[in-house]
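See below for the structure under consideration.
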Amino acid sequence: MRLTVAQATVRFLAAQFTERDGVEHRLIEGCFGIFGHGNVAGLGQALLEAELDDPAALPYHQARNEQGMVHAAVGYARMRNRLSTLACTSSIGPGATNMVTGAALATINRLPVLLLPGDVFATRVADPVLQQLELPHAPDVTVNDAFRPVSRFFDRVWRPEQLPAALLGAMRVLTDPAETGAVTLAMPQDVQAEGYDWPAELFARRVWHVPRTVPEPAALARAAAVIRAAERPLIVAGGGLIYSEATDTLRAFAEATGIPVAETQAGKGSLPYDHPLALGAVGATGTPGANRFARSADVVIGIGTRYSDFTTASRTAFQDPGVRFVNVNVAAFDGAKHAGLPVVADARAALEALTEALAGWSVPASYRSAAAEANAEWDAVVAGTYAAGHEPLPAQTEVIGAVNEVSAPRDVVLNAAGSMPGELHKLWRTRDPKGYHVEYGYSTMGYEIAAGVGVRMAAPDRDVFVLVGDGSYLMMAQELVTAVQERIKIVVVLVQNHGFASIGSLSESLGSQRFGTAYRYRSGESGRLDGDVLPVDLAANAASLGVTVVRVSTVDELRAALRDAKAAPADGGPILIHVETDPLAGAPDSDSWWDVPVSETAALDTTRSARAEYERQKKAQRPLVGPSSTEESDA
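Laid out in structure tokens, this is it:
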């Protein structure tokens with residue numbers, strides 16, 4: 001079968017499927033692309049032919065920024081529990097390197113996305129081509145080598161003969177829950193257009209089976225023994241549990257054993273917010289109740305978590321002197337963290353096995369009731385923040401409350417950066433495992449709108465509420481145009497607070513006086529950026545892109561606008577609601593800490609005070625390198 005390398009790539013991708021629990025899914029559901037001289041005549045031509053032959057084979061979607069299209073693909077993959085994703089193709093040069101941030105985000109969050117950046121001429125017949133990096137000591141290096149450290153799989157197809165192995169290797173990593181992340185196949189532009197005789201079997205329908213790895217019996221027995229010996233166990237539920245579709249299994253396990261559940265950012269939604277064993281968020285942005293249980297826990301059962309510094313409060317969250325970790329994870333790398341006892345297995349399979357192994361065992365009734373009390377106490381706090389009545393401008397917590405009130409249980413709230421991730425982690429009342437989507441592995445400003453497009457593409461039966469601050473909006477809002485073009489309904493709530501509210505608060509806590517975090521004119525008197533507020537009209541900007549825009553100034557007006565947006569037609573395109581909030585009106589404290597070093601020497605009194613507080617907090621930091629006995633270490 002004679003095809004170009006690009007045509008063969010497109011035909012191959014259209015024939016790939018995943019299967020788990022007997023259900024099949026398209027692996028590559030479509031392709032985002034921005035064309036230039038590195039891919040227009042290769043992959044661009046191949047996608048055109050595919051669209052003319054069968055528009056549903058590998059649908060093409062036009063993006064506005066290469067980073068944004070990767071964010072959309074990541075949002076899509078997360079919504080589909082890593083069983084489906086999208087491909088992204090770019091030209092050579094800046095088009096390719098624009099995707100590097102998206103690749104890092106995907107790999108850090110363990111989410112599959114396929115990147116197909118254009119590259120230089122393999123033949124070097126026209127070196128240096130436009131936008132080509134030239135390194136005198138390494139002529140085979142191109143800008144696409146920047147993808148290597150942020151990709152779980154990287155290959156460059158120098159010759160057509162290399163394509164089958166590269167494609168098969170890429171699919172293997174995309175479909176491996178323990179290995180997945182960004183997969184990059186760099187495509188030299190002359191090779192893309194080169195014809196070759198391919199074996200027909202390369203394009204046969206291929207199903208990649210996503211396993212539910214069962215725990216090794218001895219590891220399971222060790223884990224069960226540690227849990228049975230616990231007096232104050234705590235579950236930390238991470239994103240892997242949700243991707244495994246194990247939330248019902250977790251609920252049954254928690255109810256059978258009485259072990260309360262705390263949640264990471266990616267794991268939020270593992271239990272409904274009102275379940276009596278749901279402690280909510282844990283760590284630096286956690287609830288006081290969850291962090292109280294974490295401090296006293298003698299056994300921490302981490303399920304599908306990579307234990308980021310926010311989850312562990314920079315290793316200050318778990319204070320019991322003999323605390324042990326039982327880590328259920330498909331990746332041995334994550335399972336071994338904190339000198340834990342690894343149970344390398346699928347979350348659902350492991351929980352089913354642990355439920356059976358712990359049959360008849362439960363925590364004391366008083367421990368269960370303490371968790372229920374903590375849940376009820378925090379929910380009362382949440383209700384108060386939702387109805388804070390802050391004046392003259394509303395608090396951001398009231399915006400979150402209004403969105404929570406109007407959204408349906410299956411709708412999705414989405415955010416990534418600024419002060420909102422912490423407030424959402426503590427305050428959002430999750431009612432569905434896929435209803436909470438906060439990207440906090442890379443916390444990428446600009447992720448929100450692009451990812452919202454991807455989430456809605458992946459789940460067209462759910463409304464998607466994108467919460468974004470003005471700082472993040474200004475980083476990347478271009479994919480609103482993609483939403484307009486594709487008639488994709490997302491509801492963007494743009495919170496205007498004239499600067500970087502989150503970093504402003506952090507700066508103040510570190511003694512740096514909110515320096516460089518407000519959007520202000522440079523003052524003629526001081527020479528500093530402390531003049532009047534800038535006259536930037538982001539609502540007008542969104543309207544100029546073709547978005548339906550509503551301006552509100554009160555929480556009641558916000559609720560009404562949200563209800564109208566909720567009732568708008570599914571194919572009506574994006575809606576943006578603009579609301580100004582008070583950046584100084586914060587959320588309740590987490591009773592926790594995050595390690596951000598403070599200047600050791602400073603002329604400012606505020607910095608010196610912050611340094612003293614930093615040194616005090618550092619005393620609670622632990623290495624978490626147990627266990628203590630030789631027998632346990634050998635185990």
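When the letters of the sequence shown are read in order and numbered with UniProt numbering, they come out as residues 1 to 635.
Cβ coordinates follow ideal geometry from the N, Cα and C atoms, glycine included.
- Contact between A6 and L48 fails: their C-beta atoms lie close to 10 Å from each other, not under 8 Å.
- Judged by DSSP in its simplified three-state form, M69 adopts helix.
- If you draw a straight line from the Cα of S544 to the Cα of G446, it is about 19 Å long.
- In the three-state DSSP reduction, P94 falls in the helix class (H, G or I).
- Here the alpha carbons of V157 and L130 stand approximately 20 Å from one another.
- Taking the Cα of V70 as reference, the smallest distance to any Cα among A237, V143, G33 and R232 is reached at G33.
- The straight-line gap separating the alpha-carbon atoms of R462 and A402 is approximately 18 Å.
- Listed in chain order, the non-local C-beta contacts of T444 below 6 Å within the same chain comprise L105 and A416, local neighbours out to five positions each way being set aside.
- M187: member of the beta strand (DSSP E) spanning A182 to P188, first to last residue.
- Taking the Cα positions, A395 is about 30 Å away from A570.
- In this chain, F293 is not harboured by any beta strand (DSSP E); it is covered by the alpha helix (DSSP H) spanning P288 to S296.
- Per DSSP, F333 is one residue of the alpha helix (DSSP H) stretching across A332 to G335.
- R156 carries a strand assignment under DSSP once its states are collapsed to helix, strand and coil.
- The beta carbons of I303 and A254 sit about 11 Å from each other, so the pair does not count as a contact at 8 Å.
- Using a Cβ distance threshold of 7 Å, S505 and N291 do not count as a contacting pair.
- By the Cβ rule, the region 521-541 does not count as touching the region 613-629, because fewer than three pairs are nearer than 8 Å.
- Counting every other CB atom within 10 Å of its CB across the protein chains shown gives D346 a total of 16 or more, marking it as buried.
- For the 7 Å CB-CB criterion, A72 and A332 do not form a contact.
- The Cβ atoms of G68 and M476 sit closer than 7 Å to each other.
- If you draw a straight line from the Cα of A540 to the Cα of H578, it is about 10 Å long.
- For the options F310, A483 and V495, the alpha carbon positioned closest to that of G471 is the one of V495.
- A Cβ-Cβ contact shorter than 7 Å links N39 with G118.
- At the C-beta level, P583 and A501 come within 7 Å of one another.
- In the DSSP secondary-structure assignment, N375 is not bridged to any residue.
- Counted as a single uninterrupted DSSP element, the alpha helix (DSSP H) harbouring F253 occupies residues T247 to T257.
- Per the coordinates, the alpha-carbon of R520 lies some 9 Å from the alpha-carbon of R528.
- Three or more Cβ pairs closer than 8 Å define a contact, and the region 144-159 falls short of that threshold against the region 215-223.
- The shortest C-alpha to C-alpha distance from A193 to any of T85, L52, T4 and E615 is the one to T4.
- Apart from the 5 residues on each side of it in sequence, L467 sits with its Cβ closer than 6 Å to the Cβ of N415, M420 and V493 in its chain, given in chain order.
- Here DSSP, grouped into helix, strand and coil, assigns D571 to coil.
- Y76 and L116 have their C-alpha atoms spaced approximately 17 Å apart.
- Bridge pairing for P233: V299 [DSSP].
- Here the region 556-570 makes no contact with the region 361-377; the two share fewer than three CB pairs at distances below 8 Å.
- Beta bridge pairing from DSSP links A165 with no other residue.
- Per the coordinates, the alpha-carbon of T517 lies some 15 Å from the alpha-carbon of S523.
- Listed in chain order, the non-local C-beta contacts of D298 below 8 Å within the same chain comprise A230, E231, R232, P233, D320, G322, V323 and R324, local neighbours out to five positions each way being set aside.
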